[in-house]
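Notes follow once the structure below has been shown.
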């Protein structure tokens, strides 16, 4: 998605060979018009997939997921993160390890909102090691719902998550795939160049 | 806002005389079309206020704030919540006590995104005791920016926050004011009935 890539080039901060900071439009400050275009793009790519629900995760997944939900005409659930493990019968839960924060969070979704007949589209802001997506997919399996695919705003193509998830036969659509941050420079994957 | 009140009446769960649960469209599952209408309504009420930034707080403030940002044509910042106090020079921070969780969280905003010449519109999902709004207003004061007003999706009119903030001369626009949850019934404030 050209508009997104231009925004990353203009405002993204390369902090190291593995860290890209996009706090000015996605992770702390949000650009609502860009989120709208991202939502439209996700909706276009999954318009024929029979989606009934979008599943995302707090906090940075919420804005792009809400916009995609608007254009697909479906509700959006955001999984909650909690540090303490509280056992409750009415929640689907999964553990998600954060390599950045070096801690495990429990994520959970109310059983009220995810049902067996749901066709679910997972949306998140970043895909790196894939831990959050694995947790969300786990929750969809617990609900016995159908996973339609995964939509990612920015994928770090040089980390293992994307390849691992695609190897499971899951459709992953990333609007920008960053293949390298070496020498302080953002290099996008070629196959995405025309999109 | 009639559409919002009807949604509260249809889907809100009164758990006690003080607790209203709206997990099906605002706090866990999100209704994107309702969020769009909420965004338009906030934009309409503040269209002549010269707003340059919206300030909200993770997580449930993000969806309505992003939609308001879209229709006002301004960026949205969401304050981050953290349990541990990490001193950093590049953040504005404030403490917010949660009566529900009985804990104090530090909320913070990067100094990069809030400037002296900003005219700021604070948006949050709920207003009860007003702790979150007080923290956000504190951060705006630290940045020496101008506070234009506060937009709330659901105000609990029977708790002190709204009155206290209005007494400071701050404009507060709540799209639905709940004056009582007694006997398991949601009663809205009369003055809002026609909106």
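Chains as they are written, first to last, in our numbering: chain G, 428 to 622; chain L, 428 to 622. For every residue, glycine included, the Cβ atom is placed at its ideal position computed from N, Cα and C.
Requested in this report: For residue 532 of chain L, count neighbouring C-beta atoms within 10 Å of its own C-beta (all shown protein chains included) and say buried if the count is 16 or more, exposed if not.
Outcome: buried
**Report entry** Through-space distance from residue 525 of chain G to residue 445 of chain G, alpha-carbon basis
**Finding:** 15 Å
**Report entry** Spatially closest choice to residue 462 of chain G from G:473, G:428 and G:436, by CA coordinates
**Finding:** G:428
Query - is_contact[residue 520 of chain L, chain G] using C-beta, thresh 8 Å - result: Not an interface residue.
**Report entry** Partners in chain G for residue 450 of chain L, counting only beta-carbon separations shorter than 7 Å
**Finding:** 537
Query raised in the report: Using a C-beta cutoff of 8 Å, does residue 462 of chain G count as contacting chain L?
Result: Judged by the 8 Å Cβ criterion, residue 462 of chain G is in contact with chain L.
Requested in this report: Measuring only between beta-carbons, confirm whether residue 415 of chain G sits less than 8 Å from chain L.
Outcome: Because chain G here runs from 428 to 622, residue 415 of chain G falls outside it and cannot be looked at.
Report task. Could you tell me whether the Cβ of residue 490 of chain G comes closer than 8 Å to any Cβ of chain L? Result -> yes
**Report entry** Straight-line Cα distance separating residue 593 of chain G from residue 606 of chain G
**Finding:** 16 Å
Requested in this report: Please check if any C-beta of chain L sits within less than 8 Å of the C-beta of residue 602 of chain G.
Outcome: no
Requested in this report: Name the residue from G:466, G:459, G:506 and G:505 whose alpha carbon lies nearest to the alpha carbon of residue 492 of chain L.
Outcome: G:459
Query raised in the report: For residue 506 of chain G, which of helix, strand or coil comes out of DSSP?
Result: In the structure shown, residue 506 of chain G sits in a strand (DSSP, three-state: E or B).
Query raised in the report: Within 8 Å (strictly less), CB to CB, does residue 505 of chain L reach chain G?
Result: With 8 Å as the cut-off, residue 505 of chain L counts as an interface residue toward chain G.
**Report entry** Three CB pairs or more closer than 8 Å across the stretch 553 to 560 of chain G and the stretch 466 to 478 of chain G
**Finding:** no
Query raised in the report: How many angstroms separate the CA atom of residue 456 of chain L from the CA atom of residue 432 of chain L?
Result: 17 Å
Report task. For the stretch 539 to 555 of chain L, enumerate the residues whose C-beta is nearer than 7 Å to any C-beta of chain G, in chain order. Result -> 540
Query raised in the report: Cα separation between residue 583 of chain L and residue 485 of chain L?
Result: Cα to Cα, residue 583 of chain L sits roughly 19 Å from residue 485 of chain L.
Requested in this report: Take residue 611 of chain L as the anchor and find which of L:437, L:434, L:438 and L:443 has the nearest alpha-carbon.
Outcome: L:443
**Report entry** Burial state of residue 621 of chain L, where buried means 16 or more other Cβ atoms lie within 10 Å
**Finding:** With a pLDDT of only 44 at residue 621 of chain L, under the threshold of 50, the placement of this residue in the model should not be trusted, and no figure is reported.
Query raised in the report: For residue 493 of chain L, which of helix, strand or coil comes out of DSSP?
Result: helix
Requested in this report: Report whether the distance from the Cβ of residue 502 of chain L to the nearest heavy atom of the ligand ZN is below 7 Å.
Outcome: Among the ligands in the structure shown, none appear at all, so the ligand ZN cannot be discussed.
**Report entry** Closest by C-alpha distance to residue 538 of chain G, when choosing among G:550, G:451, G:466 and G:572
**Finding:** G:572
Query raised in the report: In terms of alpha-carbon separation, which member of L:476, L:596, L:604 and L:576 lies closest to residue 586 of chain L?
Result: L:604
Query raised in the report: For the stretch 469 to 496 of chain G, which residues have a beta carbon sitting closer than 7 Å to at least one beta carbon of chain L?
Result: 485, 486, 489, 490, 493 and 496
**Report entry** Chain-ordered chain L contacts of residue 458 of chain G [CB-CB under 9 Å]
**Finding:** 496, 502 and 503
Requested in this report: Determine the DSSP secondary structure at residue 559 of chain L, reduced to helix, strand or coil.
Outcome: helix
Query - Other residues of its chain near residue 448 of chain L: CB distance less than 6 Å, five sequence neighbours each side excluded - result: Here residue 448 of chain L has 440 and 442 as same chain residues with Cβ atoms under 6 Å from its own Cβ, once five neighbours each way along the sequence are excluded.
Query raised in the report: What's the C-alpha gap between residue 481 of chain L and residue 515 of chain G?
Result: 36 Å
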